[in-house]
Structure formats: C-alpha cells, structure tokens
Amino acid sequence: MRNRWNLLLAFVAVLGVLIAGCISHRVSYQPARPSQPVVKSEKYPDANAVIIFDSTRVELEPSGEYTWTGHKLVKILNNRGKERYGEAKFTYCSIYDTVLIRKARVIQRDGTVLEVPPGAIKDVPIPAFGKFFLPNVRMKIVTFPSVQEGCCVEVVFDQVMKNPPMENNFDDVQLFEDTEPILDRVYTVVAPRDMPLRYLVKNGELSFTKQEQGDKIVYSWAARDVPRVVTEVGMPPLSDVATKLLISTVPSWQKWSTWYYRLCKPKFEADDAIKLKVKELTTSLSSQEEKIRTLYYFVAQNIRYVETTLTGKKGGYEPFPAPKTFKNKYGVCRDKAALLVSMLKQIDVDAYIALTNPTITVEQDIPADQFNHAIVAVKDSNGEFFYLDPTAEDARDFLVAVEQNKGVLICDEDGEPLRFTALVPPEQNMGRILCRSTLDEHGTLRCKLTFTTNGFYDYILRSWMKYLPPARREMIWQQVISSISPNAVIDSINISNLKNLYEPAYVEIYYTAKDYVLKAGNFLIFRMPGDTEGLDFLAKAFLRGADLPVRRYPLKLWSTFASCVEETLRVPEGYAVKALPERVNAHYPKVSYQARYEAESGRITLIKKLLVSDIKIHLSDYPNLREVLSLASRASRGKVILVAEPQGGRPPE
Numbered sequence: 282m283r284n285r286w287n288l289l290l291a292f293v294a295v296l297g298v299l300i301a302g303c304i305s306h307r308v309s310y311q312p313a314r315p316s317q318p319v320v321k322s323e324k325y326p327d328a329n330a331v332i333i334f335d336s337t338r339v340e341l342e343p344s345g346e347y348t349w350t351g352h353k354l355v356k357i358l359n360n361r362g363k364e365r366y367g368e369a370k371f372t373y374c375s376i377y378d379t380v381l382i383r384k385a386r387v388i389q390r391d392g393t394v395l396e397v398p399p400g401a402i403k404d405v406p407i408p409a410f411g412k413f414f415l416p417n418v419r420m421k422i423v424t425f426p427s428v429q430e431g432c433c434v435e436v437v438f439d440q441v442m443k444n445p446p447m448e449n450n451f452d453d454v455q456l457f458e459d460t461e462p463i464l465d466r467v468y469t470v471v472a473p474r475d476m477p478l479r480y481l482v483k484n485g486e487l488s489f490t491k492q493e494q495g496d497k498i499v500y501s502w503a504a505r506d507v508p509r510v511v512t513e514v515g516m517p518p519l520s521d522v523a524t525k526l527l528i529s530t531v532p533s534w535q536k537w538s539t540w541y542y543r544l545c546k547p548k549f550e551a552d553d554a555i556k557l558k559v560k561e562l563t564t565s566l567s568s569q570e571e572k573i574r575t576l577y578y579f580v581a582q583n584i585r586y587v588e589t590t591l592t593g594k595k596g597g598y599e600p601f602p603a604p605k606t607f608k609n610k611y612g613v614c615r616d617k618a619a620l621l622v623s624m625l626k627q628i629d630v631d632a633y634i635a636l637t638n639p640t641i642t643v644e645q646d647i648p649a650d651q652f653n654h655a656i657v658a659v660k661d662s663n664g665e666f667f668y669l670d671p672t673a674e675d676a677r678d679f680l681v682a683v684e685q686n687k688g689v690l691i692c693d694e695d696g697e698p699l700r701f702t703a704l705v706p707p708e709q710n711m712g713r714i715l716c717r718s719t720l721d722e723h724g725t726l727r728c729k730l731t732f733t734t735n736g737f738y739d740y741i742l743r744s745w746m747k748y749l750p751p752a753r754r755e756m757i758w759q760q761v762i763s764s765i766s767p768n769a770v771i772d773s774i775n776i777s778n779l780k781n782l783y784e785p786a787y788v789e790i791y792y793t794a795k796d797y798v799l800k801a802g803n804f805l806i807f808r809m810p811g812d813t814e815g816l817d818f819l820a821k822a823f824l825r826g827a828d829l830p831v832r833r834y835p836l837k838l839w840s841t842f843a844s845c846v847e848e849t850l851r852v853p854e855g856y857a858v859k860a861l862p863e864r865v866n867a868h869y870p871k872v873s874y875q876a877r878y879e880a881e882s883g884r885i886t887l888i889k890k891l892l893v894s895d896i897k898i899h900l901s902d903y904p905n906l907r908e909v910l911s912l913a914s915r916a917s918r919g920k921v922i923l924v925a926e927p928q929g930g931r932p933p934e
C-alpha cells in the first residue's frame with residue numbers, strides 16, 4: 282500500500298459516447314441520443330488523447346454493498362495516447378469485490394467497430410517482487426485490438442462489492458481533472474435515504490444535483506470541458522492540485538481507527554518463534570530505546586518489503602498474522618507493521634498499527650480512506666506518540682523524512698483522531714561536506730573530502746551507495762571530483778559500513794589535482810574547491826524543479842534539509858591572500874543561505890550553509906528560493922587571489 286497513490290477513476294453507464302470517424306454521438310442502454318459535435322484534434326495540440334466521456338454510477342445498499350458501473354470513451358491522438366489507453370486495467374480484491382467487463386471495443390476512424398474478443402480480456406494475479414504475488418489481489422486487463430491514432434476506445438464495466446470491508450458504510454475519492462482534457466465527467470451515487478453522504482469538493486468547483494427518488498437519494502457531480510493538467514517538474518501529486526471529490530458515510534476518523542484496530546488485533550498474537558527472537562535480540566540490552574531500535578532494525582532489514590501502489594479496497598486492508606510474516610520473511614507494509622507491533626508488545630511497549638500516506642495530502646474534513654501505507658505508532662511514558670516505518674530498510678531514523686507533516690491515523694480500541702506527523706527541522710536532515718585542502722607553490726591541490734550525513738541525507742546517500750556496484754560507485758565519485766577540476770584524480774576512497782544503521786553513513790575521499798590554479802605573474806587565481814556546485818549533488822537532487830523561472834504549482838520537496846560545506850585550505854609558502862569572494866547572507870521565511878570566507882595565518886576558511894525549512898514552497902515563496910539559489914550560484918563562481926610575498930615570508934602562526 283505504498284508509493285504513488287493511484288486513484289482508479291471509475292466509469293459509469295447512464296450514458297456513453299460513440300465516435301465514428303470525427304463524429305460522436307451519445308449512447309447508453311437507452312435509445313441513442315443525437316450526434317454530438319465533432320472532436321477535432323487540432324483543438325488539443327498538446328494532448329495525447331481526449332477523454333470524451335468518463336462517468337460513474339454507484340448503486341449503494343444499506344449494508345455497504347454496491348454495484349459500481351463505469352463507462353469511459355477516449356479518443357487517441359498520438360502514440361503516447363496509444364500507450365496509455367491501449368489497455369484498460371481494473372484492480373480488485375477477491376475478498377471484497379469483483380470486476381465484470383460488460384463492453385469493450387475500438388471505434389476506428391472510418392466508423393468500423395472492433396469488439397474486444399474474450400481472449401483479450403485477462404484476469405491475472407498482481408505480481409509484487411519477482412515470484413511474490415499479492416494475496417487475493419487481481420487485475421482485469423482489457424487489451425484493445427488495432428489501436429491507431431484517431432480511433433476511440435470504449436469500455437463499460439461493473440465493480441460489484443459483495444463483502445464491504447466496513448459494513449454499512451461507503452467512502453470514495455474521485456478526481457475530476459487529468460493530464461488529458463476531459464469533455465464530460467460525471468459521478469453519481471444512488472444511496473438509501475437513511476444513509477446520508479458527507480461530501481467535500483477541493484481544488485475547484487463541480488456542478489451538483491441532489492434528488493429524492495422514493496427511499497433513495499441521488500447525488501450527482503459533473504464537470505464539462507475540463508482542460509488538461511499541464512505537469513511540471515517537482516509539482517505536488519495530481520490529487521493535491523486537481524479538482525477532487527471526497528465522499529463518506531463514515532461518521533468520524535475515530536470510527537476508522539477503531540474499525541481497523543479490531544481488524545488487525547488478532548494478527549498481533551505472537552507465537553513461540555517470535556517470542557524467542559525478541560528475547561534473543563533484546564536480552565543483552567539495558568534501555569527500552571535500545572530494544573525498540575533493535576527490533577525496528579530487525580524487521581526493516583530482515584523482512585523483505587513487497588511494495589505495491591494499491592490502496593484500500595483495491596489492495597486489501599487485513600495484514601497477515603505476525604507469525605506468518607515472520608516465517609515468510611516478506612510482506613507488504615501492513616504485514617511488516619503488524620509484525621513489529623507484535624514484537625514490541627513482547628517487551629511491554631504500547632504499540633499500535635497506524636495508517637498514513639507519504640505521497641498526498643490527507644484531507645482532514647471528510648473521513649474518507651486516503652491512506653496507502655501502514656506504519657507503527659508507539660506511545661511513550663509521557664503519553665506522546667512517535668512513529669516507526671519498518672519498510673524503510675536503509676533508514677537510521679524511525680520515520681523517513683518523506684513522511685513528515687503527513688496525515689496519520691493511529692488505530693486503537695477507543696478510536697483516535699487524524700493527526701499529522703511533525704515537520705522536522707532542516708538541521709536534522711543535514712548533509713555536511715568537510716574539505717581539508719593544501720595548495721603548493723606549483724599549483725597542485727591535495728584534499729581530503731569527508732561527506733557526513735544525518736536524517737534524509739543519510740537515507741538517500743546510504744540507499745544510493747548500497748545498491749550500486751562498486752565500479753559504478755567509484756565512477757560516479759570520480760565524476761563528482763572531476764567537477765572540482767578536470768585534472769582531479771582520486772587517490773583513495775573509504776566508505777562506512779552501509780549496513781550498520783547504528784552509525785551515520787560517511788564517505789572519505791583523498792584526491793589530487795595538478796595545475797589547479799591560474800598563474801598570472803605574481804598571482805595565483807583559483808576557486809575554493811568547496812565552492813564547486815557539483816560537489817553537493819544531493820542538494821541539487823532535493824531541489825529538482827527549482828530551475829524553472831516561473832511555476833504553475835508549488836514546489837514539492839522530499840524533505841526539509843540543510844547542506845553545509847566547511848573548508849580549510851592552506852595556501853603555499855611565500856604567498857599571501859590578496860582577495861576573497863564576497864560574503865553572502867540571505868534569509869527568508871522558508872529558505873536561507875550564507876557563505877563566509879576568512880583568511881588567517883596562511884589558511885583560508887569557507888563556511889557555507891543552505892537551509893530549506895518546509896516541504897512545500899508555495900508560489901509566493903518561490904521567488905525567494907530562486908533568489909537564494911541565484912546568490913549561491915554567483916558566490917560559487919567567486920575567485921581567491923593569492924600574491925607572492927616580496928620576501929617569501931609568512932606571518933608567524
């Protein structure tokens with residue numbers, strides 16, 4: 282239940298649209314309506330496809346059972362449209378529901394209709410990692426024949442919920458915008474009168490109708506002629522910027538919390554094997570914090586994480602019993618979380634399974650299922666909660682920084698409200714680069730570089746190095762060093778034990794660069810090695826998207842972070858410092874940068890620090906970030922000038 286949250290837009294069958302050539306006309310299980318206006322591709326020059334019609338109709342029963350009928354018609358404009366819409370995929374969990382394909386066909390440009398043959402509709406288990414399959418989770422795959430530019434693909438399906446996870450309740454989240462234009466988008470729920478829907482529209486407006494029909498109420502939302510969402514690097518996920526509808530009959534987050542706790546509670550029961558392992562791991566440890574950390578690292582590193590993007594009813598809710606996950610040595614996030622809860626309870630830790638979403642904003646006002654990930658919450662002696670994510674194999678911290686300031690629902694018997702994880706100060710996600718450099722009178726630079734990390738910097742650096750082959754790793758470090766000077770050659774590299782999560786990851790590099798300086802008479806001119814922009818390559822990765830001069834959407838960052846470079850360079854005998862780059866000191870509410878250069882006793886010191894204190898840079902703050910990065914870039918091009926002393930002397934140290 283992790284990673285990018287995929288909302289499967291459903292399709293409804295009140296009406297549909299059929300295009301023959303360039304002419305479209307409404308169809309349904311009623312007599313066909315008159316033809317509709319021509320859909321001209323030149324009207325959508327940047328689109329890959331046009332979603333002509335996308336509707337959903339949900340017939341809801343008091344038990345929470347429902348039949349969800351979808352109807353979607355898409356015109357293909359180019360090869361990218363073919364790639365995206367050449368197949369239709371529908372995920373379901375056999376414990377809860379099933380999917381029935383009622384109609385699937387291709388309408389060619391000349392009006393020829395090609396029905397999808399039964400053999401082109403597959404029902405397959407969903408693979409996770411390699412040989413592993415997600416239990417009870419399946420996918421219907423419809424492969425459309427002879428898909429070409431200018432044709433249309435149409436599908437009608439039923440999703441039949443026969444065993445609702447939470448009895449007598451219903452919830453859903455629907456997007457009304459897409460990265461392709463939408464001509465007609467409709468979502469309708471027919472609900473019992475005594476089962477009122479709570480609903481909320483975010484990031485836009487929708488037309489809405491509500492009608493009483495006997496003992497039913499028909500709710501309907503619609504959008505027409507919706508432009509495509511033009512994506513940009515570093516934008517928030519589509520769910521955070523697109524117009525969306527949240528609906529729920531669940532009365533509160535506390536109801537969700539209690540329901541999921543009761544579903545999971547039997548799975549926490551430990552067997553003898555788990556009890557023995559906990560005793561083996563913790564007997565020699567004195568503090569409770571050490572025991573918690575040891576059990577956390579054990580589950581994170583020894584129980585393989587089977588990743589899936591599926592959420593909620595699509596991927597299943599119920600974890601495996603802890604003994605089964607312990608025996609299998611693999612599981613999805615909820616399985617690993619349940620196992621860690623089970624192990625923590627053996628050392629009398631007040632631990633709970635918790636639901637979260639590291640990717641999107643969980644809207645607090647409507648208790649609709651927006652979670653795609655399960656973690657663990659622990660209540661400390663002060664009654665405060667802290668969180669652990671046992672899927673993060675390479676994280677020293679209990680919670681990966683991408684999960685900060687995210688909605689989290691702790692699940693217990695009494696029911697908990699929706700909370701949000703803390704926003705971590707940037708100093709706790711700092712990468713530090715220490716440079717100890719010596720320059721001789723011939724212009725040769727010798728340097729020891731040390732990269733030290735904590736927080737998210739540690740997680741990224743450790744994960745990156747751990748999974749790269751040694752030869753590839755050394756090649757990349759050589760590229761980093763070459764950004765300082767094309768003549769730079771690595772003499773040696775020392776990398777910490779990346780599997781040891783008890784110590785921060787670090788890298789030590791010794792290198793030599795001949796002809797590092799520009800000689801001009803009595804002067805030596807050069808840039809401080811620590812000023813090289815390519816040196817802190819992780820900061821550049823964190824700030825992906827900040828190169829855009831103007832943005833449509835806020836810049837979403839992985840984490841708060843800080844980057845610090847500290848350098849001491851010893852100048853050659855017989856030279857004095859003539860000039861240094863100017864100092865920089867820029868402070869804004871969410872971002873700051875400073876660079877300080879000093880010369881004393883034959884040494885030059887450089888200290889520069891970049892801090893970003895939020896994970897979302899709003900449009901109003903984006904110019905400040907651009908200004909700071911521009912100042913940092915200009916400062917990095919500053920030069921040091923040394924001049925030969927008349928008598929070759931140096932002030933005594």
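One point on numbering: in the working numbering, the residue at position 567 of the sequence shown is 848, and numbering is uninterrupted. Even glycine gets a Cβ: it sits at the ideal position worked out from N, Cα and C. None of the values given here were measured: they were computed from a predicted structure.
> How many angstroms separate the CA atom of leucine 669 from the CA atom of phenylalanine 451?
Replying inline: 30 Å
> What does DSSP give as the partner residues of glutamate 789 in its beta bridges?
Replying inline: Thr731 and Asn775
> Which whole-angstrom value is the C-beta distance of threonine 733 and tyrosine 797, which I expect to be below 8 Å?
Replying inline: Threonine 733 to tyrosine 797, Cβ: 24 Å. No contact.
> According to DSSP, is glycine 612 helix, strand or coil?
Replying inline: strand
>> Helix, strand or coil for cysteine 692? Go by DSSP, reduced to three states.
In response: Reduced to three states, the DSSP call for cysteine 692 is coil.
> Can you list, in chain order, the residues of its chain whose CB lies under 6 Å from that of tyrosine 878, leaving out five sequence neighbours each side?
Replying inline: Leu861, Pro862 and Leu887
>> Taking its Cβ as the centre, do 16 or more other Cβ atoms sit within 10 Å of lysine 610, making it buried, or is it exposed?
In response: exposed
> Which parts of the region 846-875 are runs of the beta strand (DSSP E), unbroken and 3 residues or longer, counting only runs that do not cross its ends?
Replying inline: When DSSP assignments are scanned along the region 846-875, the uninterrupted stretches of beta strand (DSSP E) that are 3 or more residues long and fall wholly within it turn out to be 856-860 and 865-868.
> Taking the C-alpha atoms as reference points, what is the distance between proline 318 and leucine 464?
Replying inline: For proline 318, the predicted model reports a pLDDT of 37, less than 50, meaning its position is unreliable; a value from the coordinates is still stated below. Taking the straight line from one Cα to the other gives about 11 Å.
>> Tell me which residue opens and which closes the beta strand (DSSP E) that serine 336 is part of.
In response: Note, serine 336: beta strand (DSSP E), 330-341.
>> So, with DSSP's three-state summary, where would you put valine 798?
In response: coil
> Taking buried to mean at least 16 other C-beta atoms within 10 Å of its own C-beta, is lysine 356 buried or exposed?
Replying inline: Its Cβ being crowded by 16 or more others within 10 Å, lysine 356 is buried.
> Cα-Cα, which of Ile332, Ile647 and Ala703 is closest to phenylalanine 666?
Replying inline: Ala703
> Contact check, glutamate 676 vs alanine 655 under 8 Å by CB: the rounded distance?
Replying inline: One detail in the question is off: residue 676 reads as alanine in this sequence, not glutamate. In fact, because the Cβ distance is near 16 Å, the residues do not count as touching under 8 Å.
> Considering only C-alpha positions, which residue in the set Cys728, Lys483, Thr512 and Ile691 is nearest to isoleucine 765?
Replying inline: Cys728
> Under three-state DSSP, which class holds proline 473?
Replying inline: DSSP places proline 473 within a strand segment (E or B) once states are collapsed to three.
> Taking just the CA atoms, how far does valine 705 sit from leucine 906?
Replying inline: 19 Å
> Of the residues Gln685, Pro767, Lys747 and Ala328, which one's Cα is nearest the Cα of tryptophan 839?
Replying inline: Gln685
>> Can you check which of these residues, His723, Asn778, Leu354 and Glu881, is closest to leucine 799 by C-alpha distance?
In response: His723
> Can you check whether the CB of phenylalanine 457 is closer than 7 Å to the CB of threonine 524?
Replying inline: yes
> Exposed or buried, which one is threonine 490 when buried takes at least 16 other CB atoms within 10 Å?
Replying inline: Classification of threonine 490: exposed, given that the 10 Å Cβ count is below 16.
> Exposed or buried, which one is leucine 749 when buried takes at least 16 other CB atoms within 10 Å?
Replying inline: Under a 10 Å Cβ-count criterion, leucine 749 is classified as exposed, with fewer than 16 other Cβ atoms of the shown protein chains found around its own Cβ.
> Helix, strand or coil for alanine 703 per DSSP?
Replying inline: coil
> Which one of Leu730, Ser662 and Asp772 has the shortest CA to CA distance from threonine 849?
Replying inline: Leu730
> Does the distance from the CB of cysteine 692 to the CB of tyrosine 500 come in under 7 Å?
Replying inline: No, they are not a contact pair.
>> Using C-beta distances below 6 Å, list every residue in its chain close to glutamine 389, excluding the 5 sequence neighbours before and after it, in chain order.
In response: Cys432, listed in sequence order.
> Just how far apart, CA to CA, sit leucine 395 and phenylalanine 438?
Replying inline: If I take the Cα positions, the gap works out to 17 Å.
> Which first and last residues belong to the alpha helix (DSSP H) in which phenylalanine 579 is found?
Replying inline: 569-583
>> Spatial neighbours of arginine 383 within its chain, please: C-beta separation below 7 Å, excluding the five flanking residues on both sides.
In response: Val437, Phe438 and Asp439
> Name the DSSP bridge partner or partners of phenylalanine 666?
Replying inline: Lys660
> From isoleucine 776 to tyrosine 791, what does the alpha carbon distance come to, in whole angstroms?
Replying inline: Between isoleucine 776 and tyrosine 791, the C-alpha separation is close to 12 Å.
>> Let me confirm a value: valine 831 is counted as buried when at least 16 other C-beta atoms fall within 10 Å, else exposed. Which label applies?
In response: Exposed: under 16 other Cβ atoms inside 10 Å.
>> Pop quiz: alanine 843 and lysine 890 are said to be a contact at Cβ under 8 Å. What is the actual Cβ separation, rounded to whole angstroms?
In response: 7 Å
> Which class does methionine 420 belong to by DSSP, given the choice of helix, strand or coil?
Replying inline: strand
> Taking DSSP as the reference, what is the three-state secondary structure of cysteine 432?
Replying inline: coil
> Can you name, in chain order, every residue of its own chain whose Cβ lies under 6 Å from the Cβ of alanine 876, other than the five neighbours on each side?
Replying inline: Val865, Lys889 and Ala916
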